[in-house]
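Single-structure report; data block below.
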Amino acid sequence: MSDLDALTSSAYSQALEVIASVEPRIAEATRQELVDQRGSLKLIASENYASPAVLLTMGTWFSDKYAEGTVGHRFYAGCQNVDTVESIAAEHARELFGAEYAYVQPHSGIDANLTAFWAILAHRVEGPWLEKAEKKNVNDLTDEDWESLRRELGNQRLLGMSLDTGGHLTHGFRPNISGKMFHQQQYGTDPVTGLIDYDALAAKAREFKPLILVAGYSAYPRRVNFAKMREIADSVGATLMVDMAHFAGLVAGKVFTGDEDPIPHAHVVTTTTHKSLRGPRGGMVLATKEYAPSVDRGCPMVLGGPLSHVMAAKAVALAEARQESFRGYAQDVADNAKSLAEGFLTRGANLVTGGTDNHLVLLDVTSFGLTGRQAESALLDAGVVTNRNSIPNDPNGAWYTSGIRLGTPALTTRGFGRDEFDKTAELIVEVLSNTTPGTTKAGGPSKASYTLADGVADRVRSASAEMLDKHPLYPGLELS
Ligand code: DSN
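First residue of the sequence shown: 416, per the working numbering; consecutive thereafter.
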């Protein structure tokens, strides 16, 4: 055991004792979570394992400090140390991504998107509109000014990728606030290839004339050409906002470069920090300088006070992502996803778009006669943690779904390689081939109940355990 491992083990063991002295059940659940995460195949595309340094950074007294406002401009006294961590996190983010401006306060991806929406609207208002209203600041606008502005701008239009083709809820999905605060339309993918059809998207944009074009996804297994997205946005005077929450690690690790790197092409880029980027749970907004003053108003306009302990952990994670080794990790994530996809295809399974070139695979489980919900539950019985996900034009809707989304970031962090991902595909196919859908009380086909054939869960668990034991999670961490 290295010195650092010994320190980490002792830090966590002691921390759990302190927690147990107040509420032992929480200490126990925390221990159990480690046991569970260590013992399962984690394939949720949006999850990862942050380093002990990142995790430890979150457990400090920075949690106790309020710091609404921005660096050097706070609504509370005593923020000098928060200013330090926020500045360092923002500096790492700018350097890592080559962004002009970074705002590291958002608490999640949804918060980052709300901040971006606010900033884009405010930016439009702050430019020509402030001049016209002869006001210095957006806060000086009267109710009449706002009323007249709303009339002049008309509907706020947002064009984003539809949920069933891989977009996120916050990209204008009707029940989400983004679908209510904006007049929204959605673009989909080509019905045959499953890929984004940029010509069709451009035609839709010309017709709809959005204020904001949102690019990015949470369940699209392919790369996006952001240069083309910017061309489309420019052709209709829209702001291009890219939500790179899922693939930020591939951008940071230079797997996505040129037209596939959103930073040089988008006006505003949002992300989470805990997915392929492998940091603490949280969000960030990167933008060109002109958007900075409006992005800075995120808190308290749409965000609660910044979580200083998480901003500190973002700084640590971003420092890690700037290390050369992170590039190797990011490339492995993408290569492993290809191996996982090949593993499914060679065993006759159907994948949306026929494969992947990012970090995720979307398995269509209809050929197994299952819904996504049945597949997700049967896999969990066998220790394989995934999430059900819609496929394009999903016949089973967004609750039961017809797909399973699988990602490689977490197991790649553990050290899984190509062969292990191929084996993982084999195990998943074994579970799904041995799962039969149940029936409802009325005797019809159930979308939820299922039966997994005897012995399969144990067989798969023991085959997984061999791989998991070879690549332990937090190898040097031993709790006393
Ligand atoms: N929950 C995240 C995901 O799983 O993709 C995004 O909201």
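Where a beta carbon is used, it is the ideal one built from N, C-alpha and C, also for glycine.
(1) Run through the region 496-562 for me and flag every whole alpha helix (DSSP H) of 4 or more residues, listed as ranges in chain order.
(2) Following the continuous beta strand (DSSP E) through Pro396, name the residue where it begins and the one where it ends.
(3) Consider the C-beta atom of Asn802 and the heavy atoms of the ligand DSN; say whether any pair is separated by less than 8 Å.
(4) Please report the straight-line C-alpha distance between Pro679 and Thr866, rounded to a whole angstrom.
(5) Cβ-heavy atom distance between Thr687 and the ligand DSN below 8 Å?
(6) Kindly indicate which three-state DSSP category Asn802 falls into: helix, strand or coil?
(7) Hey, would you say the C-beta of Leu584 is under 8 Å away from at least one heavy atom of the ligand DSN?
(8) Rounded to whole angstroms, what's the CA-CA distance from Ala681 to Asp579? Just pull it up for me.
(9) Any chance the CB of His661 is under 8 Å from a heavy atom of the ligand DSN?
(10) Under DSSP, the beta strand (DSSP E) around Thr654 begins and ends at which residues?
(11) As a quick exercise: from Pro677, Lys550 and Ser650, pick the residue whose alpha carbon is nearest that of Phe662.
(12) Using the DSSP secondary-structure output, state which residues sit across from Gly698 in a beta bridge.
(13) Can you tell me whether Ile459 sits near the ligand DSN, meaning its C-beta is under 8 Å from at least one heavy atom of the ligand?
(14) Quick one, which of Gly513, Leu894, Leu511 and Ser502 has its alpha-carbon nearest Val519's?
(15) Residues in the same chain with beta-carbon distance under 6 Å from Ala435, minus the five sequence neighbours each way, listed in chain order, please.
(16) Let me make sure I understand the geometry here. Which of Lys624, Leu847, Leu722 and Ala504 has the alpha-carbon closest to that of Asp796?
(17) Using 8 Å as the threshold, is the region 814-829 in touch with the region 685-704, meaning 3 or more CB pairs across them?
(18) Quick one: Cα of Asn386 to Cα of Phe532, how far?
(19) Is DSSP giving Pro715 helix, strand or coil here?
(20) Alpha carbon to alpha carbon, how far is Ser455 from Ser792? Give it in angstroms, no decimals.
(21) If you count every other CB in all the chains shown that lies within 10 Å of the CB of Ala460, and 16 or more means buried, which is it?
(22) Tell me the start and end of each unbroken alpha helix (DSSP H) in the region 419-486 that is at least 4 residues and wholly inside, in chain order.
(23) Could I get the ranges of all uninterrupted beta strand (DSSP E) runs contained in the region 785-832, with 3 residues as the minimum, in chain order?
This is what the structure gives:
(1) 524-539
(2) With the chain covering only 416 through 895, there is no way to say anything about residue 396.
(3) yes
(4) 50 Å
(5) yes
(6) strand
(7) yes
(8) 24 Å
(9) yes
(10) Thr654 to Asp658
(11) Pro677
(12) Thr687
(13) yes
(14) Ser502
(15) Ala442
(16) Leu847
(17) yes
(18) The displayed coordinates of the chain run from 416 to 895. Any statement about residue 386 would go beyond what the structure contains.
(19) helix
(20) 14 Å
(21) buried
(22) 439-453 and 467-473
(23) 802-804 and 818-822
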